[in-house]
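Undergrad: Mind looking over this structure? Questions follow.
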Amino acid sequence: MSYLFASALLFALGVYGVLTRRTAILVFLSIELMLNAANLSLVGFARAFGLEGQVAALMVIAIAAAEVAVGLGLIVAIFRQRESTAVDDLSELRG
Amino acid sequence: MTPWEALALLLLLFTGVLVVTLKNAIHAALALIGNFLILAGIYVALEARFLGFIQIIVYAGAIVVLFLFVIMLLYAAQGEVGFDPLVRSRPLAALLALGVALVLLSGLWGLNLAFTQDLKGGLPQALGPLLYGDWLFVLLTVGFLLMAATVVAVALVQPARPLDALRPEERKEEKEVVR
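Chains as they are written, first to last, in this note's numbering: chain A, 1 to 95; chain B, 1001 to 1179.
Pasting the structure below:
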């Protein structure tokens, strides 16, 4: 049970990070925190409901890897154009 | 809850706080590595050994190193300097995060889980039949997604035209158009 509580608090920390960080890279770090909080709760629930929770956590890790590849690619592409990764500078998508 | 469990969870939350508060991007990424390593230990304690190893190899070993690489590539180590437009909205963000935590914790309220499931130590021998059985379609889809992500990441960072091929005045012009 304590793991599920910790997972909820970790997720909230990730939410706080996403809302307050100004650099896209640090926003991504906070998203990773949230994904890991979800993983922790999946593994915690696997203790009660069976191995499927662990398999789902594996899938979440794979999705996180894909997200990081695309996200960091985007950040590098945007940095090339604007020489900044601050999310406030990117409030318009007109390129 | 044993003292070791309590210590691990406290360290987990502490490194999480460091990740969202440290100004220097590299320090935040290093705190994230610590967070992932502690999480891997917790996975092993929760009978998810294979997942614990994957956590170390894939997350702490590959994903965060990719982060560090990009931070260094973009000279973004001094993550957040200068004028902060978010100072006033920071308490609001904290409030919202607290609300999220309360909603999540309320879901756990009164939950009574019996930890009796035999997970066979969470070893690959136990996970394999599931991965290549009931979850086969999901596994293939995720594999396809990873491949697509790789292709997209490579396509994204291709320059439309090599910058060196442009003449200086042209380069300036292009920058102005972009801005």
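Beta carbons are placed, not taken as given, at the ideal position from N, Cα and C, and that holds for glycine.
Note that the coordinates shown come from a computational prediction; the quantities given were computed from them, not determined experimentally.
Is the shortest distance between the beta-carbon of Val27 (chain A) and the beta-carbons of chain B less than 8 Å?
TA: The residue given as residue 27 (chain A) occupies position 27 in the first sequence. By this cut-off, Val27 (chain A) is not an interface position.
Undergrad: Helix, strand or coil for Thr23 (chain A), going by three-state DSSP, please let me know.
TA: Numbered from 1 along the first sequence, position 23 holds the residue referred to as residue 23 (chain A). In the structure shown, Thr23 (chain A) sits in a strand (DSSP, three-state: E or B).
Undergrad: Residues of chain A with CB closer than 8 Å to the CB of Tyr1132 (chain B), please, in chain order.
TA: Here the question's residue 1132 (chain B) lines up with position 132 in the second sequence. Within chain A, no residue comes near Tyr1132 (chain B); the closest Cβ sits about 11 Å away, beyond 8 Å.
Undergrad: Examine chain B for any beta-carbon lying closer than 8 Å to the beta-carbon of Ile31 (chain A), and answer yes or no.
TA: The count along the first sequence starts at 1 and reaches residue 31 (chain A) at position 31. It does not; no Cβ of chain B falls within 8 Å.
Undergrad: Whose Cβ in chain A lies nearer than 9 Å to the Cβ of Phe1067 (chain B)?
TA: Taking the second sequence and counting its residues from 1, one reaches residue 1067 (chain B) at position 67. Neighbours of Phe1067 (chain B) on chain A, chain order: Ile25, Phe28, Leu29, Glu32, Val68, Leu72.
Undergrad: Under 8 Å, do Ala86 (chain A) and Thr23 (chain A) count as touching if we go by C-beta distance?
TA: To locate residue 86 (chain A), count along the first sequence from 1; it is residue 86. To locate residue 23 (chain A), count along the first sequence from 1; it is residue 23. Yes, the Cβ-Cβ distance between Ala86 (chain A) and Thr23 (chain A) is below 8 Å.
Undergrad: Tell me whether the stretch 1149–1156 of chain B and the stretch 58–76 of chain A touch, counting them as touching only if at least three CB pairs, one residue from each stretch, are closer than 8 Å.
TA: yes
Undergrad: Quick one: is Ala1126 (chain B) near chain A, going by C-beta distance under 8 Å?
TA: Working through the second sequence from its first residue, we reach residue 1126 (chain B) at position 126. Answer yes: the Cβ-Cβ gap between Ala1126 (chain B) and chain A drops below 8 Å somewhere.
Undergrad: Using DSSP bridges, identify the partner residues of Ala86 (chain A).
TA: Here residue 86 (chain A) is taken as the residue at index 86 of the first sequence, counted from 1. Its beta-bridge partners are A:Thr23.
Undergrad: Reducing DSSP to helix, strand and coil, say where Leu1074 (chain B) ends up.
TA: Your numbering for residue 1074 (chain B) matches position 74 in the second sequence. Coil, per DSSP.
Undergrad: Determine the burial state of Gly17 (chain A): buried for a count of at least 16 other Cβ atoms within 10 Å of its Cβ, exposed for fewer.
TA: Within the first sequence, the letter at position 17 stands for residue 17 (chain A). Counting Cβ neighbours within 10 Å, Gly17 (chain A) comes out buried, since at least 16 surround it.
Undergrad: In angstroms, rounded to a whole number, what distance separates the CA positions of Ala1126 (chain B) and Met1 (chain A)?
TA: Along the second sequence, one-based indexing puts residue 1126 (chain B) at 126. Along the first sequence, one-based indexing puts residue 1 (chain A) at 1. Distance between the alpha carbons of Ala1126 (chain B) and Met1 (chain A): 24 Å.
Undergrad: Taking the alpha helix (DSSP H) that Met1147 (chain B) falls in, what are its first and last residues?
TA: On the second sequence, position 147 is the one that residue 1147 (chain B) refers to. 1136–1156 is the span of the alpha helix (DSSP H), which, as asked, contains Met1147 (chain B).
Undergrad: Apply the 10 Å Cβ neighbour rule to Gly1133 (chain B) and answer buried if 16 or more other Cβ atoms are within range, or exposed otherwise.
TA: On the second sequence, residue 1133 (chain B) is found 133 positions in, with the first residue counted as 1. So Gly1133 (chain B) ends up on the exposed side.
Undergrad: Determine the burial state of Val55 (chain A): buried for a count of at least 16 other Cβ atoms within 10 Å of its Cβ, exposed for fewer.
TA: If you number the first sequence from 1, residue 55 (chain A) lands on position 55. Buried.
Undergrad: Does the beta carbon of Ala48 (chain A) come closer than 8 Å to any beta carbon on chain B?
TA: What you label residue 48 (chain A) is simply residue 48 of the first sequence in a count that begins at 1. Yes, Ala48 (chain A) lies at the interface with chain B (some Cβ there is under 8 Å from its Cβ).
Undergrad: Taking Cβ positions only, does Tyr16 (chain A) come closer than 8 Å to chain B?
TA: Looking up residue 16 (chain A) in the first sequence gives position 16. Yes, contact with chain B.
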